[in-house]
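Notes follow the structure.
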Amino acid sequence: MSATSELHNLGQGGARAKRQNKTAFLFLLPWFLGLFVITIGPMLASLILSFTDYNLLQPAEFNGLENFSRMLGDERLHQSLGVTFTYVFVSVPVQLGLALGLAIVLDRGVRGLAFYRSMFYLPSLLGASVAIAVLWRMVFGADGLFNDGLALFGIEGRGWISEPETALGTLITLNVWTFGSPMVIFLAGLRQIPRMYYEAASVDGASRWRQFLSVTLPLLTPIIFFNLVLQIIHAFQSFTQAFIVSGGTGGPADSTLFYTLYLYQRGFGNFDMGYASALAWLLLLIVGAFTAINFWASKYWVFYND
Amino acid sequence: MTDTFAKATPATAPPASNPASPRRARGGFRRVRSIIKHALLILCVLVMLYPVLWMVVSSLRPNDVIFRDPSLLLNDLETGNYAEGWNAFADPFSVYLVNSSIVVLGAILGNLVSCSMAAYAFARLEFTAKRWWFAIMLLTIMLPIHVIIVPQYVLFAQLGWVNTFLPLIVPKLLATDAFFVFLMVQFIRGVPIELDEAARIDGAGHPRIFAQIILPLMVPALATTAIFTFIWTWNDFFSQLIYLTDPDIYTVPLALRAFVDAQAGTNWGAALAMSVVSLVPIFLVFLFGQRFLLRGIATTGGK
């Protein structure tokens with residue numbers, strides 16, 4: 001290609017790029033509006049509000065770092081952090097373990113795969129609803145279904161939701177119950193693994209367990225990583241179930257006081273919006289930090305086959 | 001294959017004398033294993049779905065029986081809970097169903113239009129700092145709504161939008177559900193660019209290529225978007241709780257919550273019945289839209 005024709009192309013490309021800028025802007029206009037007016041604007045506003053005392057009625061008053069120093073002594077905040085961390089770090093690994101285990105069982109050519117997959121997936125669609133939270137309240141109540149089940153084995157139950165030691169456990173169970181959607185993602189990932197790897201491994205005399213450890217697991221690490229990042233972010237934001245099960249209080253004895261529930265109570269119960277904004281930013285930092293740690297750690301265990 | 005092995009195995013044949021016996025023995029073993037596997041899987045399904053089935057059955061039982069009967073056997077059909085529950089709230093339950101439907105339809109329409117437009121730009125157009133905008137778009141998927149909810153509330157309150165459906169619909173018209181933008185970008189990237197080029201040679205501009213080539217081809221992605229939007233919005237509680245405080249414009253989740261809190265421990269039959277009603281649309285979408293749901297989460301990892 002001669003220099004002149006290249007120049008010509010460049011010129012044309014430039015003109016076209018300009019034209020496309022305008023077109024692209026029109027196509028992106030709703031998104032831009034949303035990004036600046038609904039997302040970035042309020043984000044910055046909430047950053048500013050986090051340094052103020054604001055109750056919606058009177059104008060916000062700048063109070064420096066007071067909200068943040070208040071956090072240090074706020075015991076309900078510490079309680080809610082403990083509850084949320086427990087929830088995230090227990091329910092997410094259990095949920096993903098179950099999802100992975102069942103995906104592997106189902107991937108090995110089980111007849112009726114479509115049926116099992118749908119049945120396991122269904123709770124993922126229902127799990128976020130108020131109706132299921134209402135059901136949970138009944139199932140894990142003192143005279144609920146769960147205790148009836150335990151009675152079959154001669155175990156005496158308790159009021160799982162009304163006692164602080166076990167209330168969070170019922171919410172963890174609810175999150176584990178929705179393992180279907182990561183399971184479907186795992187199943188799709190397992191489909192991507194070329195069959196010839198297994199053939200080669202079995203020619204080499206690798207047992208099924210060995211094949212799982214040396215072929216399946218490494219090739220599945222990107223999917224595990226993806227699910228992990230997604231589910232952690234998701235679990236940190238859980239709200240509805242704790243709200244319904246505890247009647248909006250986070251009780252008993254603040255044992256189900258999720259971070260977002262506490263934020264809601266401060267911001268929309270007490271209209272303590274400066275503090276709620278500070279809490280919101282702390283949440284963003286926590287979620288961001290965990291996502292960053294996840295990405296950093298992924299270098300050491302996630303295997304990209306390309 | 002397991003079956004043919006098992007059927008071909010005569011129970012009386014002496015295993016040692018038959019050269020094919022190791023295979024046959026393995027076939028039998030496999031069959032037992034497969035039966036055990038299915039039994040365990042079905043047990044898992046039953047344990048998981050038992051509470052939901054019990055909810056449906058119990059909603060058809062008299063109030064005083066509900067907590068005393070953990071079984072799924074229905075002695076006599078009691079539809080009273082539904083009649084009672086329908087009218088036990090401040091308004092007839094149909095009001096809440098209509099309210100929820102308005103929000104859901106608005107959200108679906110908003111997401112379909114705004115997200116597909118943005119996706120077309122990201123997938124097919126060249127523009128300044130495109131990679132940066134795309135990265136920002138991906139980041140907003142992960143952004144917790146709580147970080148923006150306070151100022152957003154202030155903004156909508158000043159516009160006088162609290163206790164209207166606008167705070168729940170307008171953001172969707174502005175493509176704030178970036179997850180769907182991403183889903184559609186992935187889909188459009190899979191559409192052969194030759195189709196666009198052929199249209200361009202025929203003199204079509206981008207609006208026409210978008211409307212007449214890409215949109216008809218991306219119907220599966222649009223369906224996935226519509227279905228997910230439906231389920232997420234129907235189940236959504238947090239933003240509806242914040243923006244809707246007037247009982248007359250309560251949506252289904254808000255009405256259920258108000259009812260359960262007010263009547264806790266007295267009228268579980270009605271609460272269960274209306275809970276079942278509230279889940280019927282989700283079940284229907286699950287039945288008819290499963291294909292799109294499974295494909296959607298397999299490619300993008302939604303809930």
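Protein sequences, first through last, are from chains Z and L.
Numbering of the first sequence is given in UniProt numbering, commencing with residue 1 and proceeding in unit increments.
Numbering of the second sequence is given in UniProt numbering, commencing with residue 1 and proceeding in unit increments.
For glycine and all other residues, C-beta sits at the position ideal for the given N, C-alpha and C.
Given the structure is predicted, the values throughout are model-derived calculations rather than measurements.
- In this chain, the alpha helix (DSSP H) harbouring W234/L covers V219 to N235.
- In the displayed model, T245/L falls within coil according to three-state DSSP, outside both helix and strand.
- The Cβ neighbour count for K22/Z, taken over all protein chains shown within 10 Å, is under 16; the residue is labelled exposed.
- For Q158/L, no Cβ of chain Z is located within less than 8 angstroms of the residue's own Cβ.
- Within chain Z, the residues P30 have their CB atoms less than 7 angstroms from the CB of L173/L, given in chain order.
- The three-state secondary structure of E61/Z, taken from DSSP, is strand.
- Short of 7 angstroms from the beta carbon of V184/Z, and not among the five residues preceding or following it, lie these beta carbons of its own chain, in chain order: R117 and Y121.
- In the three-state DSSP reduction, T291/Z falls in the helix class (H, G or I).
- In the assembly as shown, L257/Z is a buried residue. Its beta-carbon has 16 or more other beta-carbons within 10 Å.
- Linking Q95/Z to T249/Z through their CA atoms gives a straight-line distance of about 26 angstroms.
- Around the beta-carbon of Q20/Z, 16 or more other beta-carbon atoms lie within 10 Å, marking it buried.
- By alpha-carbon distance to W281/Z, the top candidate from P144/L, G110/L and S116/L is P144/L.
- Counting only the Cα atoms, S298/Z lies some 31 angstroms from Q241/Z.
- Chain L has a Cβ within less than 8 angstroms of the Cβ of P42/Z.
- With contacts defined as CB atoms closer than 8 angstroms, R257/L and V130/Z qualify as a contacting pair.
- Contact holds between the segment 242-258 of chain L and the segment 96-105 of chain L, because three or more Cβ pairs, one in each stretch, are under 8 angstroms apart.
- If you compare the alpha carbons of L261/Z, G112/Z, A114/Z and R137/Z with that of Q79/Z, the shortest gap goes to L261/Z.
- In the DSSP annotation of this structure, P252/Z is not part of any alpha helix (DSSP H), being labelled neither H nor E.
- In this structure, the beta-carbon distance from A103/Z to L187/Z falls below 8 angstroms.
- Around S239/L, the same chain offers I145, I149, P167 and L168 as residues with beta carbons nearer than 8 angstroms, after the five sequence neighbours per side are excluded.
- Within the segment 231-246 of chain L, the residues whose Cβ lies closer than 9 angstroms to some Cβ of chain Z are I231, W232, W234, N235, D236, F237, F238, L241 and I242, listed in chain order.
- Excluding the 5 residues flanking it on each side, V252/L has same chain C-beta neighbours closer than 7 angstroms at Y96, L97, S100 and S278, in chain order.
- Judged by DSSP in its simplified three-state form, D74/Z adopts coil rather than helix or strand.
- Below 8 angstroms, enough C-beta pairs join the segment 73-81 of chain L and the segment 58-65 of chain L to call them touching: three or more.
- Here A121/L really is in contact with L28/Z; their C-beta atoms are around 5 angstroms apart, less than 8 angstroms.
- The Cβ atoms of W31/Z and S116/L lie no closer than 8 angstroms to each other.
- Chain Z places a beta carbon closer than 8 angstroms to that of R257/L, counting this residue as a contact.
- Excluding its 5 nearest sequence neighbours in each direction, V103/L has C-beta neighbours in its own chain below 7 angstroms: F165, L168, I169, T233 and T251, listed in chain order.
- Distance from the CA of G141/Z to the CA of E126/L, rounded to the nearest whole angstrom, comes to 58 angstroms.
- Taking CB atoms only, P123/Z has a neighbour in chain L less than 8 angstroms away.
- Every alpha helix (DSSP H) of 4 residues or more that sits fully in the segment 45-117 of chain L is shown, in chain order, as 63-66 and 80-88.
- Taking the beta carbon of M119/Z as reference, the chain L residues within 8 angstroms of it are V45, M48 and L49, listed in sequence order.
- Per the DSSP secondary-structure output, D196/L pairs with nothing in a beta bridge.
- Neighbours of V139/Z across chain L, judged by C-beta separation under 7 angstroms: P51.
- Under the three-state reduction of DSSP output, T23/Z falls in the helix class.
- At least one CB of chain L lies nearer than 8 angstroms to the CB of D148/Z.
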